[in-house]
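**Q** If you scroll down you'll find the structure; I have some questions about it.
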Amino acid sequence: MANNSSNQSGFRKIITGFLKKNITTNLIIGGVLLLGFVFVGIFAPYITPHDAEEMHYENLKEMPSGPFLLGTDRFGRDILSRVILGTRTTLLVASTSTLLALLLGIMFGATSAFFGGRVDNIMMRINDIFMSFPTLIFAMLVIGVLGPSMINGVIAIGIIYAPRVTRVVRAQALNIVNLEYIDAAKVGGESPFYIIFREMLPNIWPTIIVEGSIRLGYAILLTASLGYIGLGPPPPTPDWGLMAYSERGYMFETPWPVFAPCIAIVIAVIGVNLFGEGLKDILLAKGSRRKEAKI
Amino acid sequence: MKDFIPFIIKRLGATAILLVVISMIIFGVCQLMPGDAVDIMLGGIALQSLGETTIEELRKELGLNLPVYQQYFNWAVGVLHGDLGTSYVMKAPIAPLVISRLKTSLLLAVPASLMMIVFGLSLGILSAVKEKTWIDQGISFVSLSMLSVPAFLTGTLFIYIFSVKLGWIPAAYNALDIEGMSMFKMLGSYFGILLFPSLTLAFESIAYVNRQTRASMIEELKTNYVRTAVLKGVPQRDVVLHHALRNGLLPAITVIAFNVGQIIAGTVIIEAVFSYPGIGNLMIMAIKFRDVPLILATMIVISSAYVLANLVADILYTQLNPRIKYA
Chain A
3 MANNSSNQSG FRKIITGFLK KNITTNLIIG GVLLLGFVFV GIFAPYITPH DAEEMHYENL
63 KEMPSGPFLL GTDRFGRDIL SRVILGTRTT LLVASTSTLL ALLLGIMFGA TSAFFGGRVD
123 NIMMRINDIF MSFPTLIFAM LVIGVLGPSM INGVIAIGII YAPRVTRVVR AQALNIVNLE
183 YIDAAKVGGE SPFYIIFREM LPNIWPTIIV EGSIRLGYAI LLTASLGYIG LGPPPPTPDW
243 GLMAYSERGY MFETPWPVFA PCIAIVIAVI GVNLFGEGLK DILLAKGSRR KEAKI
Chain B
47 MKDFIPFIIK RLGATAILLV VISMIIFGVC QLMPGDAVDI MLGGIALQSL GETTIEELRK
107 ELGLNLPVYQ QYFNWAVGVL HGDLGTSYVM KAPIAPLVIS RLKTSLLLAV PASLMMIVFG
167 LSLGILSAVK EKTWIDQGIS FVSLSMLSVP AFLTGTLFIY IFSVKLGWIP AAYNALDIEG
227 MSMFKMLGSY FGILLFPSLT LAFESIAYVN RQTRASMIEE LKTNYVRTAV LKGVPQRDVV
287 LHHALRNGLL PAITVIAFNV GQIIAGTVII EAVFSYPGIG NLMIMAIKFR DVPLILATMI
347 VISSAYVLAN LVADILYTQL NPRIKYA
């Protein structure tokens, strides 16, 4: 019942989902991992065992041992501390850009579905154009122009994912835009803005939340990839992708500086994906499950 | 079939327009780059020692004093004539450079696409046939984790194991004379050297194709005609490969064609990991040096390849599925 009734608001669906113990192991494992990363990200400066920038000259390229749990890199910097601080940059960029993409996607998708006809047609053609860029290439273009930094990373990833969110939101919104309560609101003289945000959005929240969790996983991978090719935050910043790239020339001696951030990325992405799967089980009815979203 | 020709013409026309718009966007965004070609070519000090007049002349020579739309027009006409402009940093014509880099990239992309098709389909069929056994669960688990791992980690792992530990492959490919290898030598050295970069490139796509094939094959294997075939005594092998696969392949083929585009775009990361002298590394270099003509050229080439792969996906889908009306 909770999954099928279309006039139940999204947040209530989450709550009823939880109450009905619809919780899968996916959701629990994913949620724990995700919460862990958020915790580490927020309190990063307080839980690092060493200063991430401090160079311990007596302990260059050490293997994991006592004072340095994950070893040190070629400058004698503590890897664990750098990975912990890296959580912060990566999660910040990935989550803000996902939020930006969701915001833009909701705006364009819902407007497009609400007005329909020619407006919808034109907006969808524009959307198609942006969808026909490979994500990484477009992000590289934007960052190449604006210069590599955290904010520009957010802008680039947000813009490139927005059309993909738009399409999903529009598809969902089209399902409800012809329902009677929307007509009633129109006849009642409500403004389009009111109808979109107060009448339509509450009913497509579940889709948006699931889409957001899928996007977040991709955004983490894209953030890391951009960092890896040197288009993330500039060097002294402890960024996962950047660490994996800049230390890889020293893999012959110590593999840890390369693999520690990579493992962090994998765990974060797996956590987000599991969480997304769990949310999908709760929020979306079996029949309406979306096919695998492609980047 | 009668509608097919107009459909193709329409799709090709739409794709041509799309490519023009994409090139406009890329060109327009590149115009926003702070500082122009002259600043980049000369660098700070030279810029001051040269007089204003010399710099103005240089700008005029490069056509930078023209309005943007005219610059775009000149550039687009050049591209259609096969002239991609001159690189500021390398001070050489771009077209031959891009073509040779594209060739080396295709040495990775083509085998990667083949691997995606072979492994993706066979693993997908296998897990559909063995649905809910440990084989299926194992394959599902592996493909899920393939999707959670960034491409550069897969590549780095390969380098660590096969180059650092075993010494089978070089750690960096930029010192190799890949362009100089003949086709036959290529084939021999392929399995020694290029196998791992292209496998890395194919990794994610294998997972996607595998998952799609599994899903559609499971659906097909539950249909009535498959049950009839089984009941009338057709061997399981034939049922799977001749009856079910024909229909189950449909959704998979679209995913395959789409993933060819993903593979082409994915070369950027793979080439960075393996220091492979392909078009992706050229693009990264162009962006780092703010070499606008080179950025434009590499981006146009990769985006076009991506768009064309998607066009093929579209056409194949409608062509193979008679239920779809040409729109």
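Chains as they are written, first to last, in our numbering: chain A, 3 to 297; chain B, 47 to 373.
Note that beta-carbon positions come from the ideal geometry of N, C-alpha and C, so glycine has one too.
#1: Consider the Cβ of Pro236/A: report whether some Cβ of chain B lies at a distance smaller than 7 Å.
#2: Let me know the secondary structure DSSP gives Thr132/B once reduced to three states.
#3: Have a look at Ile161/A and Leu102/A and give me their C-alpha separation to the nearest angstrom.
#4: So, Val268/A versus Ser194/B, is the Cβ gap smaller than 7 Å?
#5: At 7 Å on the CB atoms, spell out the chain B contacts of Arg120/A, in chain order.
#6: How would you call Ile163/B, buried or exposed, if buried means at least 16 neighbouring beta carbons within 10 angstroms?
#7: Counting only Cβ pairs nearer than 9 Å, list the residues of chain A close to Ser251/B.
#8: So for Asp185/A, helix, strand or coil by DSSP?
#9: Is the stretch 199-211 of chain B touching the stretch 255-274 of chain A, taking contact as three or more C-beta pairs under 8 Å?
#10: Closer than 6 Å by C-beta to Phe165/B: which residues in its own chain qualify, once you throw out the five before and the five after it? Chain order, please.
#11: Hey, Ala17/B and Thr300/B are a contact pair by Cβ (cut 8 Å); roughly how many whole angstroms apart?
#12: Would you verify that the beta carbon of Ala141/B is, or is not, closer than 7 Å to some beta carbon of chain A?
#13: Where does Pro136/A fall in DSSP's three states?
#14: Counting only runs that start and end within the stretch 237-268 of chain A, where is the alpha helix (DSSP H) found for 4 or more residues in a row?
#15: Under three-state DSSP, which class holds Pro157/B?
#16: Looking at the strands, I want to know which residues DSSP matches up with Pro139/B.
#17: From the beta carbon of Ile207/B, is the nearest beta carbon of chain A less than 7 Å away?
#18: At 9 Å on the CB atoms, spell out the chain B contacts of Leu298/A, in chain order.
#19: Which whole-angstrom value describes the C-beta separation of Val144/A and Ile157/A, a residue pair presumed to lie in contact below a C-beta threshold of 8 Å?
#20: Let's see if you can read the secondary structure: which residues bound the alpha helix (DSSP H) around Phe45/A?
#21: One question on the structure: do His289/B and Ala298/B come within less than 7 Å of each other, judged by their Cβ atoms?
#22: Quick one: is Val268/A near chain B, going by C-beta distance under 7 Å?
#23: Have a look at Glu177/B and Leu267/B and give me their C-alpha separation to the nearest angstrom.
#24: By how many angstroms is the C-alpha of Val188/B removed from the C-alpha of Gly155/A?
#25: Name, please, each residue of chain C whose Cβ falls closer than 7 Å to the Cβ of Val271/A.
#26: Measure from the alpha carbon of Leu58/B to the alpha carbon of each residue in Val353/B, Tyr363/B, Val175/B, then state which is nearest.
#27: Which stretch, first to last residue, makes up the alpha helix (DSSP H) that contains Ser251/B?
#28: Assign Asp49/B to one of three DSSP states: helix, strand, or coil.
#29: How about Ala173/A: is its C-beta nearer than 7 Å to some C-beta of chain B?
#30: Just checking: is the beta-carbon of Leu362/B within a distance shorter than 7 Å of some beta-carbon in chain A?
#31: Report the neighbours of Ser189/B on chain A: residues whose CB is nearer than 8 Å to its CB, in chain order.
#32: With a Cβ-Cβ cutoff of 7 Å, do Ala115/A and Arg200/A count as a contact?
#33: Return the CA-CA distance between Leu357/B and Phe135/A, expressed in angstroms with no decimal places.
#34: Quick one: what does DSSP say Val179/A is sitting in, helix, strand or coil?
#35: Mind listing the chain A neighbours of Thr202/B? Cutoff is C-beta to C-beta under 8 Å, in chain order.
#36: Would Asp283/A count as contacting chain B if we go by Cβ distances under 7 Å?
**A** Per the coordinate set shown:
#1: Here residue 236/A refers to the residue found at position 234 of the first sequence. No, because no Cβ of chain B sits closer than 7 Å to the Cβ of Pro236/A.
#2: Residue 132/B sits at position 86 when you count from the first residue of the second sequence. If DSSP states are grouped into helix, strand and coil, Thr132/B belongs with the strands.
#3: Translated into positions along the first sequence, residue 161/A becomes position 159. Translated into positions along the first sequence, residue 102/A becomes position 100. If you take the alpha carbons of Ile161/A and Leu102/A, they lie about 8 Å apart.
#4: Translated into the one-based positions of the first sequence, residue 268/A becomes position 266. Translated into the one-based positions of the second sequence, residue 194/B becomes position 148. Yes, these two residues count as a Cβ contact at 7 Å.
#5: Here residue 120/A refers to the residue found at position 118 of the first sequence. Here the premise fails: no neighbours, minimum Cβ distance about 18 Å.
#6: Here residue 163/B refers to the residue found at position 117 of the second sequence. Burial call: buried.
#7: Locating residue 251/B in the second sequence gives position 205, counting from the first residue. What Ser251/B touches in chain A: nothing, since even the nearest Cβ is about 10 Å away.
#8: As a first step, residue 185/A is located in the first sequence; it is residue number 183 there, counting from the start. In this structure, Asp185/A counts as helix in the three-state DSSP scheme.
#9: Yes: the two stretches touch, three or more of their Cβ pairs being nearer than 8 Å.
#10: Indexing the second sequence from 1 puts residue 165/B at position 119. For Phe165/B, same chain residues with a beta-carbon under 6 Å away, outside a window of 5 residues either side, are Ile252 in chain order.
#11: With chain B represented from 47 up to 373, any question about residue 17/B goes unanswered, as that position is not in the structure.
#12: As a working mapping, residue 141/B is identified with position 95 in the second sequence. At least 7 Å separates the CB of Ala141/B from every CB of chain A.
#13: Sequence index remark: in the first sequence, residue 136/A carries index 134 (1-based). Three-state result, Pro136/A: coil.
#14: 242-248
#15: The residue you call residue 157/B lines up with position 111 of the second sequence. DSSP places Pro157/B in helix when its eight states are reduced to three.
#16: For the purposes of this step, residue 139/B is identified with residue 93 of the second sequence, where counting begins at 1. Looking at the DSSP assignment, Pro139/B forms a beta bridge with Thr132/B.
#17: As a position in the second sequence, residue 207/B is number 161, starting the count at 1. Taking Cβ atoms only, chain A never reaches closer than 7 Å to Ile207/B, which makes this a no.
#18: As shown, chain A starts at 3 and ends at 297. That puts residue 298/A outside it, with no answer to give.
#19: Sequence index remark: in the first sequence, residue 144/A carries index 142 (1-based). Sequence index remark: in the first sequence, residue 157/A carries index 155 (1-based). Right, their Cβ atoms sit about 7 Å apart.
#20: One-based indexing of the first sequence puts residue 45/A at position 43. Where Phe45/A is concerned, there is no enclosing alpha helix (DSSP H), given that its DSSP letter is neither H nor E.
#21: Here residue 289/B refers to the residue found at position 243 when the second sequence is read from its first residue. Here residue 298/B refers to the residue found at position 252 when the second sequence is read from its first residue. Not in contact: His289/B and Ala298/B (Cβ atoms no closer than 7 Å).
#22: Within the first sequence, residue 268/A is the residue found at index 266, counting from 1. Output row for Val268/A: interface = yes.
#23: Stepping through the second sequence from its first residue, residue 177/B is reached at position 131. Stepping through the second sequence from its first residue, residue 267/B is reached at position 221. Each residue's alpha carbon lies about 10 Å from the other.
#24: Within the first sequence, the letter at position 153 stands for residue 155/A. Within the second sequence, the letter at position 142 stands for residue 188/B. Their backbone Cα atoms lie some 30 Å apart in a straight line.
#25: In summary, chain C is missing from the structure at hand, where the protein chains are A and B.
#26: Mapped onto the second sequence, residue 58/B falls at position 12. Of the candidates Val353/B, Tyr363/B, Val175/B, the one whose C-alpha sits nearest the C-alpha of Leu58/B is Val353/B.
#27: Position 205 of the second sequence holds residue 251/B. Per DSSP, Ser251/B belongs to the alpha helix (DSSP H) from 241-267.
#28: In the second sequence, the residue the question calls residue 49/B occupies position 3. Looking at Asp49/B - three-state DSSP - the assignment turns out to be coil, as it is neither helix nor strand.
#29: For the purposes of this step, residue 173/A is identified with residue 171 of the first sequence, where counting begins at 1. For Ala173/A, not one C-beta of chain B is nearer than 7 Å to its own C-beta.
#30: Locating residue 362/B in the second sequence gives position 316, counting from the first residue. It does not; no Cβ of chain A falls within 7 Å.
#31: Against the second sequence, residue 189/B aligns to sequence position 143. Under the 8 Å cutoff, chain A gives no residues; its nearest Cβ is about 11 Å from Ser189/B.
#32: Your numbering for residue 115/A matches position 113 in the first sequence. Your numbering for residue 200/A matches position 198 in the first sequence. No, they are not a contact pair.
#33: For the purposes of this step, residue 357/B is identified with residue 311 of the second sequence, where counting begins at 1. For the purposes of this step, residue 135/A is identified with residue 133 of the first sequence, where counting begins at 1. Roughly 13 Å between the two C-alpha positions.
#34: Here residue 179/A corresponds to residue number 177 of the first sequence, with the count starting at 1. The answer is coil: DSSP assigns Val179/A none of H, G, I, E or B.
#35: Taking the second sequence and counting its residues from 1, one reaches residue 202/B at position 156. Ordered by position in chain A, the residues that pass the 8 Å Cβ test against Thr202/B are Ala246, Arg250, Met253, Val260, Phe261, Cys264.
#36: As a working mapping, residue 283/A is identified with position 281 in the first sequence. Judged by the 7 Å Cβ criterion, Asp283/A is not in contact with chain B.
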